[in-house]
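*Asks:* Numbering (the working numbering), first residue to last: 77 to 218. Glycine residues also receive a C-beta, built at the ideal position from the N, C-alpha and C atoms.
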Amino acid sequence: MIRTAKVTDLDTIYKMGRALHDNYKQTYDLESLLTKDYFHLLVYEKDNQVIGFLAYSLLIDSVDILDIYVDKEYRQQKIASLLIDYMISMVDPKTSFLLEVAVDNLPAISLYEKFGFKVIHTRKKYYGQKDAYVMEREALNE
Ligand SMILES: CC(C)(COP(=O)(O)OP(=O)(O)OC[C@H]1O[C@@H](n2cnc3c(N)ncnc32)[C@H](O)[C@@H]1OP(=O)(O)O)[C@@H](O)C(=O)NCCC(=O)NCCS
77 MIRTAKVTDL DTIYKMGRAL HDNYKQTYDL ESLLTKDYFH LLVYEKDNQV
127 IGFLAYSLLI DSVDILDIYV DKEYRQQKIA SLLIDYMISM VDPKTSFLLE
177 VAVDNLPAIS LYEKFGFKVI HTRKKYYGQK DAYVMEREAL NE
């Protein structure tokens, strides 16, 4: 089941976030972000346990995907795809999507390509020494 995150989910999300960035909790004040209209945090819940999440911001007609994560033991079961499908279903079809992804994160790049994202730019040393691709999914009907 996919639903919007609650404050009580945040500890679990912070634990998962640590696999994405060392100081996830210091970097993102999710409790405060949850109160913002532009910020959206979806979780995937299975057997009353949060096993994945997707964080994005939506400003007018542009989504910035901030993070997506699925617990290791549940990967390659389409959970990330379901989260992205859900996000897309929540926004206007004229919305465009942007994200950054490390150039060596092949599972994530492949996932985004499946949803029509294309590399539009490379940001040098975006993640420490590592470069990032900026990927975009253009709005439909443009
Ligand atoms: C990237 C991530 C979110 C994918 O989650 P997932 O639930 O396993 O993804 P899905 O099962 O929906 O996979 C959809 C597509 O993604 C790609 N993919 C997912 N895992 C992959 C892997 N290990 N190797 C290659 N491609 C992979 C495939 O194209 C797959 O389509 P397919 O099943 O038809 O082959 C997950 O691996 C993860 O949490 N990684 C760590 C966090 C991270 O890197 N997040 C992205 C930050 S930008």
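1. Met211 lies in the beta strand (DSSP E); which residues open and close that run?
2. Using the beta-carbon count (16 or more within 10 Å), is Ile144 buried or exposed?
3. Comparing C-alpha positions only, which one of Tyr100, Lys101 and Asp140 sits nearest to Phe173?
4. Between Leu118 and Ile78, how many whole angstroms is the CB-CB distance? I'm expecting something under 8 Å.
5. Nearest to Gly204 by CA position, among Ala178, Asp161, Ile160 and Val146, is which residue?
6. To which residues of the same chain is Tyr202 closer than 7 Å at the C-beta, ignoring the five residues directly before and after it?
7. Let me confirm a value: Leu130 is counted as buried when at least 16 other C-beta atoms fall within 10 Å, else exposed. Which label applies?
*Replies:* Here's the rundown:
1. Its beta strand (DSSP E) spans residues Lys206 to Arg213.
2. With 16 or more other Cβ atoms inside 10 Å of its own Cβ, Ile144 counts as buried.
3. Here the closest residue by C-alpha is Asp140.
4. The distance from the Cβ of Leu118 to that of Ile78 is about 6 Å, consistent with a contact at the 8 Å cut-off.
5. With respect to the C-alpha of Gly204, the residue from Ala178, Asp161, Ile160 and Val146 having the closest C-alpha is Ala178.
6. Here the set comprises Glu176 and Ala208.
7. By the 10 Å Cβ count, Leu130 comes out buried.
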